[in-house]
Amino acid sequence: GGAPVIFVPGFTCVADDYLEILPVLGRRTVVVELRGHGRSTAPDGPFDSDALAADVGVVVDAVTAGPVHLMTFSRGTTYALGWALANRGRVRSISIGDYVPEEIELADDVIFGLLDGRWRGTPVSERVDGDAAVATLRAARSQSFWEPLSQWQPPLMVVRSPNTPVVSDADWDRYRALFPAAKLHEFVDSPHDIFRP
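Each residue of the sequence shown is one higher than the one before, counting from 34 in my numbering.
Listed below in structure tokens is the structure:
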């Protein structure tokens, strides 16, 4: 019973990464594999954040006609918030994992560094379609969701790792100032992958 959880994970994640945590969430949970990730196909495009936010909406609509709890991690936050801000009546709560409510542009050297790396012990190149990944990251445009999110004030929980620069101390202070009712938690023993101690 109750509204399901829709989880939009990070750029290098696939759904199978989260099988072990699903029972802990205590309700029906669907992990979104964005286009070009895991078992999702990689169409010719588009790959901008509006298209990926629409993909989140397609998954939500396939799961329920009603409200959902939205859970995000890392870069998946951008696409989840894009959908949520356009569908506020369907959002019961938002939980953000180690990210800020923004879309962030990355330079090519950072993009290719990510794609050449490993995540959870396997090469990123085995987790994502390379061309789709590059197209997705190159399509990013700097935009902030801080203001619309703070005007809305949905039930919010944010978790950060203080060991990485993804959510800075200044960002953390901003969360605290703009969302006084939010639950803010630091996982001091975790890297950016906050699901790992």
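Glycine included, C-beta positions come from ideal geometry on N, C-alpha and C. Just so we're clear, the structure is a prediction, and the values are computed from it rather than from any experiment.
- In the three-state DSSP reduction, Ser82 falls in the helix class (H, G or I).
- Counted as a single uninterrupted DSSP element, the alpha helix (DSSP H) harbouring Arg209 occupies residues Asp202 to Leu211.
- In this chain, the beta strand (DSSP E) harbouring Val124 covers Val124 to Gly130.
- Taking 9 Å as the cut-off, the beta carbon of Phe80 is found no closer than this to the beta carbon of Ala140.
- Scanning the region 92-122 for uninterrupted alpha helix (DSSP H) segments of 4 residues or longer gives 109-119, listed from N- to C-terminal end.
- Assignment of Pro181 by DSSP, reduced to helix, strand and coil, places it in the helix class.
- For Ile39, the enclosing beta strand (DSSP E) covers residues Val38 to Val41.
- Taking a cut-off of 8 Å on C-beta distances, the region 182-201 touches the region 127-134, as three or more cross pairs fall below it.
- With a contact defined as Cβ atoms closer than 8 Å, Val41 and Val65 qualify at about 5 Å.
- In this structure, the CA atom of Val92 is about 31 Å from the CA atom of Arg207.
- Across the structure, Glu138 and Phe106 are spaced so that their CA atoms are roughly 17 Å apart.
- In this structure, Met190 lies near Leu217, with their beta-carbon atoms less than 9 Å apart.
- For Val143, the enclosing alpha helix (DSSP H) stretches over residues Asp141 to Leu148.
- Counted as a single uninterrupted DSSP element, the beta strand (DSSP E) harbouring Leu217 occupies residues Lys216 to Glu219.
- Of Ser73, Arg193 and Arg123, the smallest CA-CA separation from Ile129 is found for Arg193.
- From the listed residues Leu103, Val221, Ala113 and Thr110, the smallest Cα separation to Pro188 is found for Leu103.
- Assigned with DSSP and collapsed to three states, Thr197 falls in coil, not helix or strand.
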